[in-house]
Amino acid sequence: MPIKIQIDPISRLEGHLKLEVQIEGGYVTDARASGTLFRGFENILIGRAPRDSQHITQRICGVCPVSHSMAAVIALDAACGVTVTENARILRNLVMGANHVASHILHFYHLTLPDFVDMPDMAPWDPTMDGLKKITGTEADIWVAHYLEALKYRREAHEMAAIFGGKLPHP
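Counting in the numbering used here, the sequence shown runs from 1341 upward without gaps.
Encoded structure:
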């Protein structure tokens, strides 16, 4: 008999997510994910100048503003029949890539890891979530060191995106 698991909401990300997984015989046989939070930014754009869309949409999220801005810019390029130069494409990709790295480091190390590792009993790690099996002891110490090292690399990725994009967040 299949087992169905539903997690709703998954709230450690912007926009919330619903996840449904079906397991049969120890294997995932079906999985569905859906965004469940409507923020209405599309409605804010109604009646606005199209050039405003890149600046408004990137404020949807402070973690991944470049993705939203880039989607708006690409839509404007398509609507206007614009083909960007090779240098512009490279510059866009550098900003996007740097933000991608910074965003993934933030999500894995700084938003999620504290739920699974017994972090130090001090700010910014407390309060912890009860009921989860946590990594403890020497292995936890290694993960805490990774957490702190990740701060450095996230800052460097953030700085790279700011250099190429003019500022970050919201370049």
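All C-beta atoms, glycine included, are put in the ideal place defined by N, C-alpha and C.
Within the DSSP secondary-structure output, aspartate 1370 pairs in a beta bridge with Gln1362. In the three-state reduction of the DSSP assignment, aspartate 1417 falls in the helix class.
Taking C-beta atoms as the reference points, proline 1405 and histidine 1510 count as a pair closer than 8 Å. Residue Ser1443 holds the alpha-carbon nearest to the alpha-carbon of glutamate 1496 among Ser1443, Glu1426, Asp1417 and Leu1359.
Counting every other CB atom within 10 Å of its CB across the protein chains shown gives valine 1368 a total below 16, marking it as exposed. Rounded to whole angstroms, the separation of the alpha carbons of phenylalanine 1448 and valine 1403 is 12 Å. Annotation for glutamine 1346: Glu1360 place their beta carbon closer than 6 Å to its own, counting only its chain and skipping 5 residues before and after. Residue range 1343 to 1350 is occupied by the beta strand (DSSP E) that includes glutamine 1346. Between alanine 1418 and threonine 1397, the beta carbon gap of about 15 Å keeps them out of contact (Cβ cut-off 8 Å).
Taking C-beta separations shorter than 6 Å and ignoring five residues to either side along the sequence, the partners of alanine 1490 in its chain run Ile1445 and Tyr1449, following chain order.
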